[in-house]
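One line per chain: the protein sequences are A and B, in this order.
As numbered in the working numbering, residues 143 to 497 make up the first sequence, in order.
As numbered in the working numbering, residues 6 to 290 make up the second sequence, in order.
Even glycine gets a Cβ: it sits at the ideal position worked out from N, Cα and C.
Comments concern the structure below.
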Amino acid sequence: MRQAARNGRLALNRRRILLGGAALGGALAMPSIVRAANEEIVFATWGGSWEEAMRTAWFDPFTAKTGIKVKTISGNTYGKIEAMVKAGRTEWDVVETLPDFQWVGAEKGLLEPIDFSVVDKSLVMPGEDMVTTYSIPQVLFAEVLTYNTKLDPPPQGWTDLYDIKAFPGNRVFDGDDVQATLESAALADGVAPASLYPLDVDRALKKLETIRDQAMFFETNAQGEQFMSDGQAIMGMLPDGRAINIRNNGAPVQIQYNATIMTWSTMVIIKGAPNLTAAQKFLAYTLTPEAQAAIAMAYTYGPVVPKALDLIPPERAKILTGGPEMKGKAILRGEKWWSQNLAAATEKFNAWKLG
Amino acid sequence: MMSAPAGSRRATHSTATVLLLLPGLFVLAGMFIVPVAQLIIDSFSDSAGAWIHYRRIAVVPVYLLVLARTLLVSAVTAALCLLLGFPVAYRLAHASPTGKSIILLCIFLSFWTNLLVRAFSWMVLLNPNGIFNQALGLIGLGDSVKLVYNTTGVLIGQTQILLPYMILPLAAVMSRVDPTLMNAARSLGASPTRAFLAVYIPLVKSGAMAGLVLVFTLSLGSFVIPALLGGPRDMFLAQLIEFNINNTLNLSFASALSTVLLAATLILYWIGNRWFQLGQVWGGR
């Protein structure tokens, strides 16, 4: 999913830069498509195989149940949402985003409140800020410590990721996930998970400095998978689904769940959504245990509704984000803190990279 | 008597010019000038103060460094393109029709291949276990040369991708050079080197300048290649602009960064124009 998001973003922005914004302007200037009221909703997605999974697990069953069709649009970027709302031409109803947008988008007045008389939020797992006035969680995903199986003894946690004496060799980091990179450094430096936020960015960067020459930052997940598969790096962080994927494909890697940073993706309704009522119904549907179990069967992201785990076979649950393997080990990211501090932390992180 | 028809002819001529320019001007105004003006206005319209974003760019030790790096890497890319593109353009301009087709086919095949595909291909070729390092290993240099995930990787990728923008304008100018001029120089006693430097180079200078400006300008906006083939230090300003649009939704700061990049480009163009008469490129002579 994030892979698709990233690739989509690369493609979109390359195009935008080449056309000098003409593409965006053109899209906004198009007359809005006339739709039959309450017959469909428009869902803006990261696309790719993730969209196909949602199609079978969510969209088709939802249409069968309610008669409301789900039309998808790729390229769900924040910039597009803001441009759309500001122009007064909202064409999307539901958008899947990273959780920071549930605050950033709300603050900018780009979101419709969720109707909790329709959407049952009591089903959602406990966790700070997973449900807000303007958002519900969609699925769980995580960054996990992945290591080459030749390492003996294997690394036990984030501390070993930063121990180049005990584990000499290159390490990979998700270059697009500044959050996980800094969090892993702070945790490795001895910050207790309970007091991780507010994150001491300077302390984290000092820890990163100790492995500067061994750190490789990947821009796309495919790159990170490659580094781990061909042994260019001996360990590092990968999205959990990606780590499982290369392990299944025969790469000599194993996962250390002691080092897991978990977060969630979120769904919001855009201000002025043309099919507001239908959109609320759709969100309510995605939070049912059945729908959550269905998406977890179709993709390795974890359900945000604990009851869904009862409907999933144990061998499947084992590989899911937030499943029994991660229980008691995963740290839930402080997304609210990040929504306010990502820009400043990234600025410091970039300065460190250049230094 | 004589001046009246001449004057009216001039008037007709300029009316026709204006009419011919109009559609282009409309497109340019609507699709470029207005959006760019909007972008510049946006960069000054933050409630916290008009200059707040520019102060941040000047004070935080990231943005100007990245700008300098963007300009430097783009300049080196342009120079490398000239170095590598010149012989190819020469062969292209002076080849037989069949030779021309073959060279053009080679250029366009790579030109039409998707940018991401080419970036990923370079990753495969240049990585430490890749074919180049294996070859270098045979002569005992395998581990000492790092070709990717650093500035070298960015330069290789950028140069390969932008090379056609150098070759094509250069070859166009070269093919217009009258070959008898070189013969004339030789018959007047110039050595082949002297004839090349004193006659040929000045004649194709405008093509080289056009190529340099094109490659440099296009390189400034890149971010796919530096992101994929570069190391931690190889940030381009476009990557920071993209981050501020899509990760933090700070459009006015992204606008300010874009404005700074635009201003830096215009200043460099102005300097280039003063010292190297870049303007004559567009005059055609």
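Strictly by DSSP, which residues pair up with residue i?
| i | result |
| --- | --- |
| V237 (chain A) | A:A186, A:V410 |
| V218 (chain B) | Paired residue(s): none; V218 (chain B) is not in a bridge. |
| D382 (chain A) | Bridge partners of D382 (chain A): none, in fact. |
| S52 (chain B) | For S52 (chain B), which the question treats as bridged, DSSP gives no partner whatsoever. |
| S216 (chain A) | A:T187 |
| F315 (chain A) | A:F359 |
| I278 (chain A) | A:M409 |
| K105 (chain B) | Partner(s): none; K105 (chain B) has no beta bridge. |
| Y95 (chain B) | BP columns for Y95 (chain B) are empty, so no partner. |
| M404 (chain A) | A:A284, A:L474 |
| K211 (chain A) | A:E182 |
| N290 (chain A) | A:V395 |
| D254 (chain A) | The sequence given here places Glu at residue 254 (chain A); Asp does not occur at that position. For E254 (chain A), which the question treats as bridged, DSSP gives the partners A:I411. |
| M377 (chain A) | A:Y289, A:R313 |
At the level of alpha carbons, what is the spacing between residue i and residue j?
| i | j | result |
| --- | --- | --- |
| L266 (chain B) | I246 (chain B) | 10 Å |
| L168 (chain B) | A322 (chain A) | 38 Å |
| T288 (chain A) | M370 (chain A) | 8 Å |
| D148 (chain B) | N483 (chain A) | 40 Å |
| I159 (chain A) | L193 (chain B) | With a pLDDT of 37 at I159 (chain A), under the threshold of 50, the modelled position of that residue is not reliable, and the figure given next carries that caveat. Rounded to the nearest angstrom, the two C-alpha atoms are 52 Å apart. |
| M379 (chain A) | A84 (chain B) | 38 Å |
| W280 (chain B) | K210 (chain B) | 14 Å |
| D319 (chain A) | E285 (chain A) | 9 Å |
| G269 (chain A) | L324 (chain A) | 21 Å |
| Q165 (chain B) | V220 (chain B) | 11 Å |
| N475 (chain A) | S407 (chain A) | Correcting the residue type first, residue 475 (chain A) is Arg in the shown sequence and not Asn. Taking the straight line joining both Cα atoms gives about 12 Å. |
| L262 (chain B) | T270 (chain B) | 12 Å |
| Q43 (chain B) | G277 (chain B) | 27 Å |
| F137 (chain B) | N255 (chain B) | 42 Å |
| S101 (chain B) | V122 (chain B) | 32 Å |
| R144 (chain A) | W188 (chain A) | Note on R144 (chain A): pLDDT 45, under 50, position unreliable in the model; the coordinate value appears next. Whole-angstrom Cα-Cα distance: 7 Å. |
| L329 (chain A) | S115 (chain B) | 46 Å |
| A450 (chain A) | Y399 (chain A) | 21 Å |
| L496 (chain A) | D355 (chain A) | 13 Å |
| V129 (chain B) | G135 (chain B) | 6 Å |
| N391 (chain A) | P455 (chain A) | 22 Å |
| Q244 (chain A) | V32 (chain B) | 38 Å |
| V150 (chain B) | P466 (chain A) | 45 Å |
| A195 (chain B) | T75 (chain B) | 42 Å |
| I306 (chain A) | I353 (chain A) | 7 Å |
| D271 (chain A) | K478 (chain A) | 7 Å |
Of all the CB atoms in chain A, is at least one closer than 9 Å to the CB of residue i?
| i | result |
| --- | --- |
| F31 (chain B) | no |
| R238 (chain B) | yes |
| I272 (chain B) | no |
| Y170 (chain B) | no |
| R74 (chain B) | yes |
| A232 (chain B) | yes |
| I136 (chain B) | no |
| L24 (chain B) | no |
| P102 (chain B) | no |
| T253 (chain B) | yes |
| N278 (chain B) | no |
| Y59 (chain B) | no |
| V122 (chain B) | no |
| M128 (chain B) | yes |
Is the CB of residue i under 9 Å away from at least one CB in chain B?
| i | result |
| --- | --- |
| N133 (chain A) | The structure shown does not extend to residue 133 (chain A), since chain A spans only 143 to 497, so no value can be given for it. |
| L170 (chain A) | Confidence at L170 (chain A) is low in this model, with a pLDDT of 41, below 50, so the placement of that residue is unreliable and no value is reported for it. |
| Q398 (chain A) | no |
| K460 (chain A) | no |
| G221 (chain A) | yes |
| E224 (chain A) | yes |
| A485 (chain A) | yes |
| K292 (chain A) | no |
| G209 (chain A) | no |
Which ranges would you report for the alpha helix (DSSP H) in the region 329 to 366 of chain A if only whole runs of at least 4 residues count? 343 to 351
Fully enclosed by the region 424 to 459 of chain A, which beta strand (DSSP E) runs are 3 residues long or longer? none
Taking 8 Å as the cut-off, does the region 213 to 227 of chain B touch the region 173 to 187 of chain B (at least 3 CB pairs, one atom from each stretch)? yes
With contact counted as at least three CB pairs below 8 Å, one residue from each stretch, are the region 257 to 270 of chain A and the region 416 to 434 of chain A in contact? yes
Evaluate the contact criterion for the region 197 to 207 of chain B versus the region 60 to 75 of chain B: three or more CB pairs, one atom per stretch, below 8 Å. no
Using 8 Å as the Cβ pair cut-off and three pairs as the minimum, do the region 232 to 247 of chain B and the region 156 to 165 of chain B touch? yes
Taking contact to mean at least 3 C-beta pairs separated by less than 8 Å, is the region 292 to 301 of chain A in contact with the region 336 to 352 of chain A? Touching, no.
Stretch-stretch touch, CB-based, cutoff 8 Å, three pairs: the region 235 to 245 of chain A with the region 391 to 411 of chain A: Yes, they touch.
Taking contact to mean 3 or more Cβ pairs, one atom from each stretch, closer than 8 Å, check whether the region 434 to 444 of chain A and the region 191 to 208 of chain A are in contact. yes
Kindly confirm or deny that the region 302 to 317 of chain A and the region 349 to 368 of chain A touch, where touching means at least three C-beta pairs closer than 8 Å. yes
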